[in-house]
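All remarks here apply to the structure that follows.
Protein chains in written order, with the numbering used here: chain X, 1 to 293; chain H, 1001 to 1293.
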């Protein structure tokens, strides 16, 4: 299995690839997210790994746009807790460090560390794994990098401090995309991701759309409206639901949905991620017990 | 009017402050978003300006968390189109530039420019306005900065190229927060922002929640579920609706809503932003004409 991802080796997307496909997956670094999609579409990789939402920063609309612009299918998902480890060249001790490089967002997520160590200056870098890579090359004795712990070994660095992040609530959900859809299997808890635009000028359209699912006892796992900045009163909708298109009630709901929406796309049907941490919005009317408990 | 904002002078949040309160607003730069909230809470500023969602990057959950952790009220909103201008020290021409500094996200949003000018290297910086500020101090002849056009004059730089961004779809929605709520006025198109958690273990809870609004012909302008990474089956909901709590049907809906949700907060009732660009989700049943057209 060859998986394309955005960034350099040691990036969180690469960690997510091993979560989804095991340690033996071979990974192909790409400069931009668009390149990840193209690598898969053109057969240079079997699948592509993209982040789609983060618990602190929200849904990554740009990657939804790329999903809609390309004809790939979601075949897997994984939820990765984002850990920032402080790493440095072997021989460097905490007391020697004057500067720590990483992506500005990662540096901000470790602001408490910089408040506690006021002699240490943060340095902005393009990405977290890239900061580790550059330090591995330059081997500066007074500089550290904040990146995923996996990046340390890769670039010959030593971890001085793990979990430098302010909060443990930082999770990113990653998707794996392929040219062909995942083969739906009964007995495997399955999730469907949809994107659509509601039909305009129909009163009560949102209520009608949700009725499609709730009247069939289908749980929604995500619902999000995304405004279109250029077209007032136009918006995109993202919905994830619990169920497989192989189930009759889900197939019926998806057919019914297309009566009330336009620009509909089933982005993929795929196994619910292990270590599933995302909540379920109880869309149905029927009495239900909680899954997984 | 004294408005606190995150960043340095020339930041987009400061531009948004002038959109909301006019050119004469005096602005107070803060290091972190948390500092903006504290500046308002402690009376060091009359209001605070925060970004809450971006058309490409999604809702900024961290700022929703701060809204819930503090007791401030949303009193205004503004939608700002994000423009990246290339600026440099006076005397510098395009041909002289070898390096352009900005926030990695801004640099990525201008990737086409760097593809067209392969001799120009991007340089990561903490923020866009900060990149302009540093260049204004260092006055390096071969370096440019990508920032809001407003930053150029502020730091004695000249704009060499406007609209360097790849796409014109990049809008950020900003909120103004104050210690006291906005005084609701009839005749002023008004918006309410709510946050809540649905009551657990009630079948069909999402349908019930939306019924609260749709049965009263109240349009929803935003709906978003946010999973709680630490508590499976727990999630936060963000809803914006068209209407004022002074209207009976809205007041009734908000009272009804509290029967089916927990941890309810009315984050604010405020005038709909001029240059409102966000779409309306037609939640109601009644026949309606489009507003503003």
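Backbone N, C-alpha and C fix where the C-beta goes; we use that ideal spot for every residue, glycine too.
Give the secondary structure of residue i by DSSP, where H, G and I count as helix, E and B as strand, and everything else as coil.
| i | result |
| --- | --- |
| residue 1296 of chain H | Nothing can be reported for residue 1296 of chain H: it is not among the residues displayed for chain H, which extend from 1001 to 1293. |
| residue 1320 of chain H | Here chain H has residues from 1001 to 1293 only, and residue 1320 of chain H is not among them. |
| residue 8 of chain X | coil |
| residue 1018 of chain H | helix |
| residue 1176 of chain H | strand |
| residue 2 of chain X | strand |
| residue 279 of chain X | Reliability of the predicted coordinates at residue 279 of chain X is poor, the pLDDT of 37 falling under 50, and no value is obtained from them. |
| residue 1143 of chain H | strand |
| residue 195 of chain X | strand |
| residue 1045 of chain H | coil |
| residue 1157 of chain H | coil |
| residue 1124 of chain H | strand |
| residue 293 of chain X | Summary for residue 293 of chain X: the model assigns pLDDT 27, below 50, so the residue's position carries little reliability; its value from the coordinates is reported in the next sentence. Three-state DSSP puts residue 293 of chain X in coil, outside helix and strand. |
Return yes when the Cβ of residue j is within less than 7 angstroms of the Cβ of residue i, no when it is not.
| i | j | result |
| --- | --- | --- |
| residue 1145 of chain H | residue 1132 of chain H | yes |
| residue 171 of chain X | residue 79 of chain X | yes |
| residue 120 of chain X | residue 100 of chain X | yes |
| residue 1050 of chain H | residue 1270 of chain H | no |
| residue 31 of chain X | residue 39 of chain X | no |
| residue 331 of chain X | residue 84 of chain X | What the structure shows of chain X is the stretch from 1 to 293, and residue 331 of chain X is not part of that stretch, so it cannot be assessed. |
| residue 301 of chain X | residue 135 of chain X | With chain X covering only 1 through 293, there is no way to say anything about residue 301 of chain X. |
| residue 129 of chain X | residue 48 of chain X | no |
| residue 103 of chain X | residue 127 of chain X | yes |
| residue 1273 of chain H | residue 1053 of chain H | no |
| residue 1221 of chain H | residue 210 of chain X | no |
CA-CA distance, residue i and residue j?
| i | j | result |
| --- | --- | --- |
| residue 110 of chain X | residue 246 of chain X | 45 angstroms |
| residue 226 of chain X | residue 1213 of chain H | 19 angstroms |
| residue 1151 of chain H | residue 204 of chain X | 45 angstroms |
| residue 1254 of chain H | residue 1240 of chain H | 12 angstroms |
| residue 282 of chain X | residue 1206 of chain H | Because residue 282 of chain X carries a pLDDT of 40, less than 50, the predicted location of this residue cannot be relied on, and the following value inherits that uncertainty. If you take the alpha carbons of residue 282 of chain X and residue 1206 of chain H, they lie about 6 angstroms apart. |
| residue 1195 of chain H | residue 1174 of chain H | 17 angstroms |
| residue 1189 of chain H | residue 215 of chain X | 34 angstroms |
| residue 15 of chain X | residue 1236 of chain H | 28 angstroms |
| residue 258 of chain X | residue 250 of chain X | 13 angstroms |
| residue 261 of chain X | residue 200 of chain X | 9 angstroms |
| residue 287 of chain X | residue 219 of chain X | Legend: pLDDT at residue 287 of chain X = 33, less than 50; position of this residue unreliable, value from coordinates given subsequently. If you take the alpha carbons of residue 287 of chain X and residue 219 of chain X, they lie about 12 angstroms apart. |
| residue 63 of chain X | residue 1122 of chain H | 22 angstroms |
| residue 1285 of chain H | residue 1019 of chain H | With a pLDDT of 34 at residue 1285 of chain H, under the threshold of 50, the modelled position of this residue cannot be trusted; read the value that follows with caution. Looking at the two C-alpha atoms, the distance is approximately 35 angstroms. |
| residue 1082 of chain H | residue 1012 of chain H | 8 angstroms |
| residue 95 of chain X | residue 115 of chain X | 15 angstroms |
| residue 1208 of chain H | residue 180 of chain X | 38 angstroms |
| residue 23 of chain X | residue 2 of chain X | 12 angstroms |
| residue 1043 of chain H | residue 163 of chain X | 35 angstroms |
| residue 57 of chain X | residue 1034 of chain H | 15 angstroms |
| residue 97 of chain X | residue 166 of chain X | 20 angstroms |
| residue 154 of chain X | residue 182 of chain X | 32 angstroms |
| residue 264 of chain X | residue 68 of chain X | 10 angstroms |
| residue 36 of chain X | residue 7 of chain X | 10 angstroms |
| residue 244 of chain X | residue 1266 of chain H | 37 angstroms |
| residue 149 of chain X | residue 178 of chain X | 28 angstroms |
| residue 1256 of chain H | residue 1191 of chain H | 18 angstroms |
| residue 217 of chain X | residue 242 of chain X | 10 angstroms |
Assuming residue i is part of the beta strand (DSSP E), what are its boundary residues?
| i | result |
| --- | --- |
| residue 1224 of chain H | 1220 to 1227 |
| residue 210 of chain X | Element bounds for residue 210 of chain X: not the beta strand (DSSP E) but the alpha helix (DSSP H), 205 to 214. |
| residue 263 of chain X | 261 to 271 |
| residue 239 of chain X | 235 to 242 |
Flag residue i as yes when its Cβ comes closer than 6 angstroms to any non-hydrogen atom of the ligand MG, and as no otherwise.
| i | result |
| --- | --- |
| residue 1187 of chain H | Looking at this structure, you won't find the ligand MG or any other ligand, since it has none at all. |
Name the two residues that bound the continuous alpha helix (DSSP H) containing residue i.
| i | result |
| --- | --- |
| residue 1129 of chain H | 1128 to 1138 |
| residue 1154 of chain H | 1150 to 1154 |
| residue 1035 of chain H | 1033 to 1041 |
Name, going along the chain, the residues of the region 1101 to 1115 of chain H whose beta-carbon falls closer than 7 angstroms to a beta-carbon of chain C. Included in the structure are the protein chains X and H, with no chain C among them.
With a floor of 4 residues, list each alpha helix (DSSP H) that falls wholly inside the region 56 to 120 of chain X, ordered by position along the chain. If we require 4 residues or more, the alpha helix (DSSP H) runs fully inside the region 56 to 120 of chain X come out as 61 to 69, 104 to 109 and 111 to 116.
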